[in-house]
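K.L.:
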Amino acid sequence: MIAAARTCLGDYCRSRNRFQHGLTAVALLFSTYMIYAAIFGPYRTTLVHLAIFLAASFTLYFLRREGTDEPGPLWERALNWLCVAGTLAGTGHVILDLDRILSSWGAAFLTREDIVFGAILVLVVLEAARRESMAFFLLSLAGIGYILYGRELPGILGHPGMDFRRFVYLTAYTSEGIFGFGLEVAASYLFMFLLLSAAMTQTQTGAFIMDLCNAVFGRHSGGPAKSAVAASAGLGTMVGSSIGNVATTGTFTIPLMKRAGMPAHKAGAIETVASEGSQFLPPVMGAGAFIMAEMTGIPYATITLAALIPALLYFLSIFAVVHFEAKKLGLEGLDPSRIPSLRQVFKDGWHLLLPPALLFYLLMGRGASPTYAGMVTILVSIVVAMTRASSRLTFGRFIEIFDGGARAAAGVTALIAAIGFIQQAMVTTGLGPRLSEIILLGTHGSLILTLLLGVVAATVLGMGMPTPIAYVLLALFVAPAFEKVGVPTLAAHLFLFYFAIKSGSTPPVAVVAVVAASIAEANWWKTAVTAFYYSLPGFIVAFMFVYAPALLFQGAWYDIALTAVMAAVGTVAIAAALQGWLQWPLSPIERLAVGVGAVCLVDPGLTTDAIGLCLVGGGVLLARLRAQRSFAST
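Numbering (this note's numbering), first residue to last: 25 to 658.
(1) Would you say Gln447 and Gly629 are within 9 Å of each other, going by their C-beta atoms?
(2) Does DSSP put Pro364 in a helix, a strand or coil?
(3) Give the DSSP-derived three-state secondary structure of Trp374 in the structure shown.
(4) Excluding the 5 residues preceding and the 5 following Ala29 in the sequence, name in chain order all residues of the same chain whose CB lies nearer than 8 Å to its CB.
(5) Do you know offhand how far Asp633's Cα is from Ala505's?
(6) Along the chain, which unbroken stretches of the alpha helix (DSSP H) at least 4 residues long are found entirely within the region 588 to 621?
(7) According to the Cβ coordinates, are Val539 and Gly301 closer than 9 Å?
(8) Relative to the alpha-carbon of Val308, which residue among Ala392, Leu120, Leu464, Leu645 has its alpha-carbon at the smallest distance?
(9) Can you check which of these residues, Ile463, Ala222, Phe567, is closest to Pro334 by C-alpha distance?
(10) Check each candidate in Phe348, Ala381, Arg421 and name the one with the smallest Cα separation from Val404.
(11) Does Gln228 come out as helix, strand or coil in the three-state DSSP assignment?
(12) With burial defined as no fewer than 16 other Cβ atoms inside 10 Å of the residue's Cβ, what is the status of Leu639: buried or exposed?
(13) From Leu366 to Phe519, what does the alpha carbon distance come to, in whole angstroms?
(14) Using a Cβ-Cβ cut-off of 7 Å (strictly less than) and excluding sequence neighbours within five positions of Asp138, which residues of its own chain qualify?
(15) In three-state DSSP terms, what is Ile322?
(16) On the criterion of 16 or more Cβ atoms from any shown chain inside 10 Å, does Ile267 qualify as buried, or is it exposed?
(17) Taking the Cβ atom as the reference point for each residue, do Ala291 and Ala544 lie within a distance shorter than 9 Å?
(18) Count the CB pairs spanning the region 212 to 222 and the region 396 to 411 that are closer than 8 Å, and state whether there are at least three.
(19) How would you write the range of the alpha helix (DSSP H) that Ala311 sits in, first residue to last?
(20) State the Cα-Cα distance for the pair Gly594 and Ala284, rounded to the nearest angstrom.
(21) Helix, strand or coil, according to DSSP, for Glu356 in the structure here?
(22) So, under 8 Å CB-CB, Gln44 and Gly91 are touching, yes? Tell me the CB distance rounded to an integer number of Å.
(23) Out of Val644, Thr227, Leu637, Arg154, state which residue places its alpha-carbon closest to the alpha-carbon of Phe426.
(24) For Val640, which three-state DSSP category applies?
(25) Please state whether DSSP places Ala94 in a helix, a strand or coil.
(26) Assuming contact is defined by CB atoms lying nearer than 9 Å, are Leu78 and Leu207 in contact in what I supplied?
(27) For Cys237, tell me which candidate among Thr225, Leu280, Asp93 has the shortest Cα-Cα distance.
(28) Where does Arg177 fall in DSSP's three states?
(29) Going by the CB atoms, is the gap between Ala432 and Ala729 shorter than 9 Å?
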């Protein structure tokens, strides 16, 4: 056994150069510490724990290309090392001297060294944000500029101001800056679920879910596309990243859809909208539910229950779009020889369902913390995978769980650490309440205009950003205005989270669609526009649950049931109207009737529901009669 272990280690080491071995060691130590913290709690204090997290993340982030075939130009490599040195110096100062700094009664007692090390940490975080997103970098600079020089602004935007010494103190040595909510989210939720995503990939869980979906849906019209939707939903709720979901499932689903006759840009669009929707699917919701619970104080279980019907409606809309698109294109299912046996697939991989089931039980049944539940699920998934030859981990794949997961977390941390600047600008200056007043002045207190402004803000703020970061920004900037026009807190945050997710496929940036298009070998713009078009029925779902709280499980059970049924009919009808197809093609008049009827079903009420059902039913009946006459004449 020892000899076999040495052989595995030797093979793995020969596959990488020495420097990358060192980074892998850092990633393994980092993962080990985070598992330790999940079990025994943070080292010393939360702020020290976050400083350790930031030091490890930025070391992995800035040196990730060092020792590879493309390390970058000399000046960039020098800057990388300078940033790592600055990170270790700044975080080391926090770890070693935090007790003295916090007991010194505020910013006035900071030493020159405290200010220098704090300022270095600010610069390093800004550089990391610049590399990940220029828009976010500029937003961070604007936040810092507003903190320091907001006193120069007139009227409602002005504030008393803050000197540089106090800015450094709050930003680098308290929980109101770099070590604030954003970094705490990364360390508490995102890290462990990115490790879990890596574990799901390396244990072949993703491939098993794909085979399972093909066995169930493969023989139906548009079967590969329906399998893509189901697989993305099943895996994506745990992956926590639309891009990660596309990269994981899209490599299987997109080629299958293309071979079945789906045009390349449409195959990429279907995978895009399916992967995005998985982040809204309970119970994990891509870690969004945990962040929302932290920001709003609403219990986690309440959030996940509220998201259930809207998530199911979203996937109903995507299934409807896929079905109508397949009928319109005349697509059949997979070749029978390519459809796996459901019994055989389940027999070979049933054990891989145990870790997700355990995760759901720990979160929903036991009320365990997300970090602890994620950690236990990772360890159990490794043990379960080793019990069967089909999923057994090699040494390299075992290491890749912790190495790849830690490096993925480092990339997110490079962006999320800068949220502290924006949060500080909102809180310490009092900008948050004033911003709500500005939004309401612009919309004149109109609910629909405020909601539409929120959609625009989600699209702009979410450009190229991970969903959790986009959501946090929206929660800070826009959610208070929603609540002031009468939107309940839960509905407001779910609405903003929903459109933070959808910003990944909305032009002009559409980063999720870009990834899907690259796999599909399609034009990214056509893919993004098609994904946006396919998402329109799902967009209506978000407005539905704002106007109909019953969709969030608010109210009597019969109201919830009736509203859910009407919403389901409306969702399918909108998809049919947009596609211009049911079992038969719809004429312009029939499309108009079905579309208007679907919109009527969005607004809850017996009158609007009756009008909506009559219009939808009339449009469908006309289409059926016309199709029968056409068939009889032939």
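Glycine residues also receive a C-beta, built at the ideal position from the N, C-alpha and C atoms.
P.N.:
This is what the structure gives:
(1) Taking the sequence shown and counting its residues from 1, the one referred to as residue 447 is at position 423. Taking the sequence shown and counting its residues from 1, the one referred to as residue 629 is at position 605. Cβ atoms of Gln447 and Gly629: not closer than 9 Å.
(2) Mapped onto the sequence shown, residue 364 falls at position 340. In the structure shown, Pro364 sits in coil (DSSP, three-state: anything other than H, G, I, E or B).
(3) Sequence index remark: in the sequence shown, residue 374 carries index 350 (1-based). Three-state DSSP puts Trp374 in a helix.
(4) As a working note, residue 29 is residue 5 in the sequence shown. With a pLDDT of 49 at Ala29, under the threshold of 50, the predicted position of this residue should be treated as unreliable, and no value is reported.
(5) For the purposes of this step, residue 633 is taken as residue 609 along the sequence shown, with counting starting at 1. For the purposes of this step, residue 505 is taken as residue 481 along the sequence shown, with counting starting at 1. Going by the C-alpha atoms only, they are around 30 Å apart.
(6) none
(7) Taking the first residue of the sequence shown as position 1, residue 539 is located at position 515. Taking the first residue of the sequence shown as position 1, residue 301 is located at position 277. Against a cut-off of 9 Å, the Cβ pair of Gly301 and Val539 comes out as no contact.
(8) On the sequence shown, position 284 is the one that residue 308 refers to. Checked all of Ala392, Leu120, Leu464, Leu645; the closest Cα to Val308 is Ala392.
(9) Here the question's residue 334 lines up with position 310 in the sequence shown. The candidate whose alpha carbon is nearest that of Pro334 is Phe567.
(10) As a first step, residue 404 is located in the sequence shown; it is residue number 380 there, counting from the start. Val404 has its Cα closest to that of Ala381, out of Phe348, Ala381, Arg421.
(11) Here residue 228 refers to the residue found at position 204 of the sequence shown. Note: Gln228 maps to coil in three-state DSSP.
(12) Indexing the sequence shown from 1 puts residue 639 at position 615. Classification of Leu639: buried, given that the 10 Å Cβ count is 16 or more.
(13) Position 342 of the sequence shown, counted from the start, is the residue given in the question as residue 366. Position 495 of the sequence shown, counted from the start, is the residue given in the question as residue 519. C-alpha separation (whole angstroms): 37 Å.
(14) If you number the sequence shown from 1, residue 138 lands on position 114. Hits under 7 Å: Ile125.
(15) Along the sequence shown, one-based indexing puts residue 322 at 298. In this structure, Ile322 counts as coil in the three-state DSSP scheme.
(16) For this step, residue 267 is matched to residue 243 along the sequence shown. Classification of Ile267: buried, given that the 10 Å Cβ count is 16 or more.
(17) For the purposes of this step, residue 291 is identified with residue 267 of the sequence shown, where counting begins at 1. For the purposes of this step, residue 544 is identified with residue 520 of the sequence shown, where counting begins at 1. Cβ distance < 9 Å, so Ala291 and Ala544 count as in contact.
(18) yes
(19) Locating residue 311 in the sequence shown gives position 287, counting from the first residue. Counting along the chain, Ala311 falls outside any alpha helix (DSSP H), and DSSP gives it neither H nor E.
(20) Start at 1 with the first residue of the sequence shown, and residue 594 comes out as number 570. Start at 1 with the first residue of the sequence shown, and residue 284 comes out as number 260. So the alpha carbons of these two residues sit roughly 29 Å apart.
(21) As a working note, residue 356 is residue 332 in the sequence shown. Glu356: coil per DSSP, three-state reduction.
(22) Within the sequence shown, numbered from 1, the residue matching residue 44 stands at position 20. Within the sequence shown, numbered from 1, the residue matching residue 91 stands at position 67. Going by Cβ atoms, the distance from Gln44 to Gly91 rounds to 5 Å, so yes, they are a contact pair.
(23) Counting from 1 along the sequence shown, the entry for residue 426 is found at position 402. Closest by alpha carbon: Thr227.
(24) One-based indexing of the sequence shown puts residue 640 at position 616. Val640: helix per DSSP, three-state reduction.
(25) Along the sequence shown, one-based indexing puts residue 94 at 70. Correcting the residue identity first, residue 94 is Glu in this sequence and not Ala. If DSSP states are grouped into helix, strand and coil, Glu94 belongs with coil.
(26) Here residue 78 refers to the residue found at position 54 of the sequence shown. Here residue 207 refers to the residue found at position 183 of the sequence shown. Cβ atoms of Leu78 and Leu207: closer than 9 Å.
(27) Sequence index remark: in the sequence shown, residue 237 carries index 213 (1-based). Per the Cα distances, Leu280.
(28) Translated into positions along the sequence shown, residue 177 becomes position 153. Reading the sequence as shown, one finds Leu at residue 177 and not Arg. Of the three classes helix, strand and coil, the one that applies to Leu177 here is coil, per DSSP.
(29) Residue numbering for the chain in the displayed model covers 25 to 658; residue 729 lies beyond these limits and cannot be assessed.
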